[in-house]
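A short write-up of the structure that comes next.
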Amino acid sequence: MSVSPKDTSGGHFEGRWERLWFGPGSAVRLGIFRIIVMVSAYDALNRFQSAVFQHASESGAGLLNRSWNPVFLLEVLHIGPPNEATANVVYWTLIAGLIAGAVGLMTRLAMVVCAALFTYWAAVHYSFGQPHHDCIVLTFALWALVFSPAGRGVSLDALLGRALGRGNANGAQPVLGDAVPGAAFPIHFTRASAAIGYFFAGSSKLAIGGLGWANGYTLQAIMLGYRSDWSGALAGSTRLCQLMQIGLLAIQIAFPLVLLPGKWGRYARWFFVPGAVSFHLMAMKTMNTGSFLTLWFVVVAAFVDWDRVPGFLRRVAGERPVWLRAALWAAMAVFVYTCYHVFIASKPDGVRWGAALVASGVAAWAGAQMFLGKQDQAAV
Amino acid sequence: MGSLALVVIAVGGAPGLLAKPCSGSSGGSSGGWFGVSDARVERGGATLEVQNGRLMRLVAGEDVVLSPVDNGPLGNVWDLAADPSGLTFVAADGGVFVAAPGVAALERVPIRDGAPAGAPRSVAMDGSRRLWVATENAVGAMDPSFGWGRCLPESDLPGQGPFALSLEGGTLEIRGTDGAKRIEVGGEAPAAAFFASANGIQLTAEFPAALAFSYGEVPEIEVTGAAGAAAAGDWMARYRVNGHHRLRSLDDDRALRDLAPGRHRLEVFGFDRYLRRTPPLAIELHVAAPFYYQKWFLLAAVGVLGAGIFGFFAVRASSRRTTALRVLGSSAILGALCLQVAAGIWPHAKGWPFVGYSMYSQPFDPSGHVHEPLLHFHDDKGRSATRSAYSMGLAVDSPWQVLHPLIDGNGPAIARMWEIMPALLPNWNVTSFQVVSERTKLMPTGPVPVPPLVLAHVERGESR
Chain Z
15 MSVSPKDTSG
25 GHFEGRWERL
35 WFGPGSAVRL
45 GIFRIIVMVS
55 AYDALNRFQS
65 AVFQHASESG
75 AGLLNRSWNP
85 VFLLEVLHIG
95 PPNEATANVV
105 YWTLIAGLIA
115 GAVGLMTRLA
125 MVVCAALFTY
135 WAAVHYSFGQ
145 PHHDCIVLTF
155 ALWALVFSPA
165 GRGVSLDALL
175 GRALGRGNAN
185 GAQPVLGDAV
195 PGAAFPIHFT
205 RASAAIGYFF
215 AGSSKLAIGG
225 LGWANGYTLQ
235 AIMLGYRSDW
245 SGALAGSTRL
255 CQLMQIGLLA
265 IQIAFPLVLL
275 PGKWGRYARW
285 FFVPGAVSFH
295 LMAMKTMNTG
305 SFLTLWFVVV
315 AAFVDWDRVP
325 GFLRRVAGER
335 PVWLRAALWA
345 AMAVFVYTCY
355 HVFIASKPDG
365 VRWGAALVAS
375 GVAAWAGAQM
385 FLGKQDQAAV
Chain Y
808 MGSLALVVIA
818 VGGAPGLLAK
828 PCSGSSGGSS
838 GGWFGVSDAR
848 VERGGATLEV
858 QNGRLMRLVA
868 GEDVVLSPVD
878 NGPLGNVWDL
888 AADPSGLTFV
898 AADGGVFVAA
908 PGVAALERVP
918 IRDGAPAGAP
928 RSVAMDGSRR
938 LWVATENAVG
948 AMDPSFGWGR
958 CLPESDLPGQ
968 GPFALSLEGG
978 TLEIRGTDGA
988 KRIEVGGEAP
998 AAAFFASANG
1008 IQLTAEFPAA
1018 LAFSYGEVPE
1028 IEVTGAAGAA
1038 AAGDWMARYR
1048 VNGHHRLRSL
1058 DDDRALRDLA
1068 PGRHRLEVFG
1078 FDRYLRRTPP
1088 LAIELHVAAP
1098 FYYQKWFLLA
1108 AVGVLGAGIF
1118 GFFAVRASSR
1128 RTTALRVLGS
1138 SAILGALCLQ
1148 VAAGIWPHAK
1158 GWPFVGYSMY
1168 SQPFDPSGHV
1178 HEPLLHFHDD
1188 KGRSATRSAY
1198 SMGLAVDSPW
1208 QVLHPLIDGN
1218 GPAIARMWEI
1228 MPALLPNWNV
1238 TSFQVVSERT
1248 KLMPTGPVPV
1258 PPLVLAHVER
1268 GESR
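Protein sequence lines correspond, in order, to chains Z and Y. Per our numbering, the first sequence starts with residue 15, numbered consecutively. Per our numbering, the second sequence starts with residue 808, numbered consecutively.
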């Protein structure tokens, strides 16, 4: 995990621990992280929407072989299945919270509403069926945002504060490189949660299935049992599937290396984050096992150093050999198109436009930073 | 039917309700009257035809010899039976096989408990999708998907085999060396002549009782005949848990050892000698979790962990300049991370969001099939379409949640399917649909499609 060089207090365990979680971080980066987490939560909310509403209105009664089996969280709190009115109130409150959270209006309150109600919404959904692990990291990211200065950058709160003379220490809207105490916490916590998740996803396969799990047939069977666009093409070869399984195990089990401090962690992130994203892309195109958009977005949001994107783009645009620039731009174009094709073009309208809006916003921000020549003070 | 009903009551059989292997009477003639088959079935634009003991598929004048997908022995092909669902069942020396339109190989139908064993000579499929099989020595009905069934008693057979079968409505004609015999096999199953219990608690048809088990205690099913062993012997019982489409044999699994903690519904079905199914007797089973997954233990463990972490940070903080808020925050952060690690080590679905990551961790055994549950639709113009279970518009996280009611012949579920049909397939006049489990066999050379399991076939205007 990266630690800001500005905080130098203490060198022993507690000092390093507190710098990591409570030390300063970029307000702009946290703001972009917050927006992407809100969009991811919106996607998950919509995926769970029909299940919760169908049960709340009992429209599926008699048609489904399913019953209410509450998760511990709801059982301990004595919360039963919602009726239609409750479901409507929760849904629309959560929508309002997500919108307020995305634009950064009354951000702290919005974060509390989003974390609490999203946890409830997902718990209700999972109490009617089998719990899945695609929203675990998102849920922890939402709760981490509650305890952070999430509204200090890229938010209406910051704009209003500036207009009313309540900006940062310099009396201005935070810009790239501005550090705010506690701003790194949600990002570090989400990174740690993602690393734990990937590690146990891989090690559980070895612990339960043994080395035989990577026999090639296992992946073939999942692809053919849950067909998606590329299942037929890639499930044809047992050897190819075996290679993919070995690669998957390697990426998942070794993923915690991204948490290493210093340059080794940075190198690891350049390998494992694209590796995890590629894994999710392949999973989505080869097996219809549910949307991993949520996890994909949150992982990218947590591991991309958004402050460094403009500087990176500037260097790619102007300081490298032409062939390298062309290759990098081409690779980025292919990647963006693939992401659009996989995650946006195939989604329902609301999510498509929401995701497109966020992607456009982030791209516009990066472009503006690049062409307006803002200095990237935290550049590598 | 009247005389047959009498047989049901009067004929004694093996005591109890367990399925026994059925190979018929000893001996049996090789059957000089049983001639060379010329059976022929038209399916999906192709014709399946038996020619000189081989099974041919004729498509636009091109003849292809069909053989088993595993290249196992097929032997002489004797007979074909057309299933309304589109499948064709094949009686051959090597066993009972199934063929499907568009699939270039045959797949063996396993012969399991109670079904007629031996070399099949004749097959027939009735409107209730029972597959009637005649061998050299025995005749019986079997489930066409899973291969279990029942044999007819010798008193129903016309002398010695080999036997040949034909069906007309609900009447089965059995031809043997001593002529032919016609028996009525249609209609509803008579009221069940048995009781079922789990650990001494009676299963009932309505308002099932609930039975609680501590962790490690194994529920055991007992089935007894209502009118003594004689009546019981004429019935076979099978059971299922949580509405699963596969009915299990009491021979193998009388004790439910693999029940996970949680709530389960046990249902026991009776089958008479003609494989007619009774409504289920049911009971709710509540299996407790082990103590380390109990709420009180988990809450206590979380409390102890939290207190320990808080204590650690509080003690360390006393010698440093830090705030109480940071001690609290550090404790919460480390506690949450520890719980995530614990969930990774001991996954538990109910612990969400601390559930672990153990999905898709079982290796696939390549000797089995890959199953893909789907819905197939057919219209009056001979067109076919395939849709996933999710197309019904019901939110489910497993397609079986919506397919099981259709497989069970649930009236409201089937009615809803017909209601949404115009939206699902606009401008189609759908005449039938099926719940199908598409199957693929994984071979070293790559995946090979094999004929699917048709788990339900519903015609317009029929309940099932």
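The beta carbon of each residue, even a glycine, is placed where N, CA and C say it ideally should be.
- In this model, Z/L119 and Z/F199 are separated by some 21 Å (Cα to Cα).
- Pairing Z/L263 with Z/K219 gives a Cβ-Cβ distance under 8 Å.
- Residue environment analysis places Z/M346 among the exposed positions, since fewer than 16 neighbouring C-beta atoms fall within 10 angstroms of its C-beta.
- Contact between Y/A898 and Y/P927 is confirmed by a C-beta separation of about 4 Å, below the 8 Å threshold.
- The C-beta of Y/H1071 comes no closer than 8 Å to any C-beta of chain Z.
- Closer than 8 Å at the C-beta level to chain Z, one finds these residues of the stretch 1220 to 1235 of chain Y: A1220 and R1223.
- Rounded to whole angstroms, the gap between the alpha carbons of Y/F1076 and Z/G143 is 26 Å.
- Where Z/R61 is concerned, there is no enclosing beta strand (DSSP E), although the alpha helix (DSSP H) around it starts and stops at A41 to A70.
- Residues of the stretch 850 to 884 of chain Y with a Cβ closer than 7 Å to any Cβ of chain Z: none.
- Contact note: Z/E72 does not reach chain Y at a C-beta cutoff of 9 Å; the least C-beta distance is about 12 Å.
- In this chain, the alpha helix (DSSP H) harbouring Z/E32 covers F27 to F36.
- Against chain Y, the beta carbon of Z/N83 has neighbours under 7 Å at G1069 and R1070, listed in chain order.
- With the criterion set as a beta carbon lying under 7 Å from some beta carbon of chain Y, the stretch 283 to 295 of chain Z has no members that meet it.
- According to the DSSP assignment, Z/Y281 belongs to the alpha helix (DSSP H) that extends over G276 to T300.
- Taking a Cβ-Cβ threshold of 8 Å, the residues of chain Y close to Z/Q68 are L1201 and A1202, in chain order.
- It is roughly 11 Å from the alpha-carbon of Z/A315 to the alpha-carbon of Z/L152.
- Contact holds between the stretch 42 to 49 of chain Z and the stretch 317 to 334 of chain Z, because three or more Cβ pairs, one in each stretch, are under 8 Å apart.
- In this chain, the alpha helix (DSSP H) harbouring Y/A1131 covers A1131 to I1152.
- Here the C-alpha atom of Y/G977 lies approximately 30 Å from the C-alpha atom of Y/M1228.
- With a contact defined as Cβ atoms closer than 8 Å, Z/V104 and Z/Y56 miss out at about 14 Å.
- Secondary structure at Y/V1203: coil, using DSSP grouped into helix, strand and coil.
- Here Z/F269 carries a helix assignment [DSSP, helix/strand/coil].
- For Y/F1171, a Cβ of chain Z is located within less than 8 Å of the residue's own Cβ.
- In this chain, the alpha helix (DSSP H) harbouring Z/E98 covers E98 to V117.
- When the beta-carbon positions are compared, Y/V1261 and Y/V1237 stay at least 8 Å from each other.
- Secondary structure of Y/G902 (DSSP, three-state): strand.
- Under the Cβ criterion of 8 Å, Y/L1105 is counted among the residues facing chain Z.
- Y/A867 and Y/A906 have their C-alpha atoms roughly 18 Å apart.
- The residues A1012, in chain order, have a CB closer than 7 Å to that of Y/P1086 in the same chain once the five nearest residues on each side in sequence are set aside.
- At a cut-off of 8 Å between beta carbons, Y/M932 makes no contact with chain Z.
- Check the Cα spacing between Y/L913 and each of Y/V872, Y/D920 and Y/G925: the tightest is with Y/V872.
- Between Z/L254 and Y/G1175, the alpha-carbon positions lie close to 20 Å from each other.
- Here Z/A41 is actually not in contact with Z/A155; their C-beta atoms are around 17 Å apart, not less than 8 Å.
- For Y/V910, there is no enclosing beta strand (DSSP E), as DSSP marks it with neither H nor E.
- In chain order, G239 make up the part of chain Z whose C-beta sits under 8 Å from the C-beta of Y/H1178.
- Taking a contact as a CB-CB distance under 8 Å, the pair Y/H1155 and Y/V1162 counts as one, their CB atoms being some 6 Å apart.
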